[in-house]
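Let me begin by presenting the structure, written as structure tokens, before commenting on it.
In this note's numbering, the protein residues as written are 3 to 239.
Below you can see the structure in the form of structure tokens.
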């Protein structure tokens, strides 16, 4: 922060730091880490329950949303409101049974909505309007319907399990990244160098793209159009 007093003297002062102050690293057991994580999760959920409107949880039956429901139920004197979406045309994608099992275990006020291909196709024009940007993620469709379900019940705020895969390495490619971290970083550096070299060549010799680059661009655009077409015709979301 820059401070200038009446005399014109300038002073730079730091008023905030995103990182905590360094502290000695303590040797913790696995049980210690488990207790710490559970304590942090409870505290996080408690803080996000502070609302002057009705709130609930999107429940898929997976670890993330189920943990939300379990810990929230400890902190409430009334049933947790839970919301789940299912697919009529693709039963293999449904997580309804898992969600119902969690709901039954914790006595939630459970709500479900089923959607199919017709709902998806009908909603696409409205989806484009609401997204306001080109996001080619089919989850946007079921997310809209489960959000509408929550709103129709008078629930204004919901907690979700987003972000836990990043923190706890939940994606399938994380183990491979850990085992082959060196080659992964090397490939990233190689790509960065190639991109930098390509930009320098373009600045040094401005003009039409090379035939190879133009062909690559056209092929990429065609592939994107194909994916969009397949999304619109897919039998499964």
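We put the CB at the ideal spot given by N, CA and C, even for glycine.
Item	Value
Segment contact flag, the segment 121–131 with the segment 24–40, C-beta cutoff 8 angstroms, min 3 pairs	no
Rounded separation between residue 170 and residue 9 - CA only	53 angstroms
Cβ distance (whole Å) where residue 58 is taken to contact residue 83 below 8 angstroms	3 angstroms
Outcome for residue 87 when other beta-carbon atoms lying within 10 angstroms are tallied against a minimum of 16	buried
Coil, strand or helix - residue 70 by DSSP	helix
Helix, strand or coil at residue 121 [DSSP, three-state]	helix
Alpha-carbon to alpha-carbon, residue 20 and residue 115	41 angstroms
Among 109, 142, 17, nearest to residue 123 - alpha-carbon criterion	142
Within 7 angstroms, strictly: CB atoms of residue 39 and residue 74	no
Per DSSP, cross-strand counterpart(s) of residue 1	Beyond the ends of the chain as shown, which are 3 and 239, falls residue 1; an answer cannot be given.
DSSP state of residue 114 mapped onto helix, strand, coil	strand
Reduced DSSP category for residue 261 - H, G, I as helix; E, B as strand; rest coil	For the chain, the structure presents residues 3 to 239; residue 261 sits outside this window and is missing.
Contact set for residue 108: own chain, Cβ-Cβ below 7 angstroms, skip 5 residues either direction	71, 72, 75, 82
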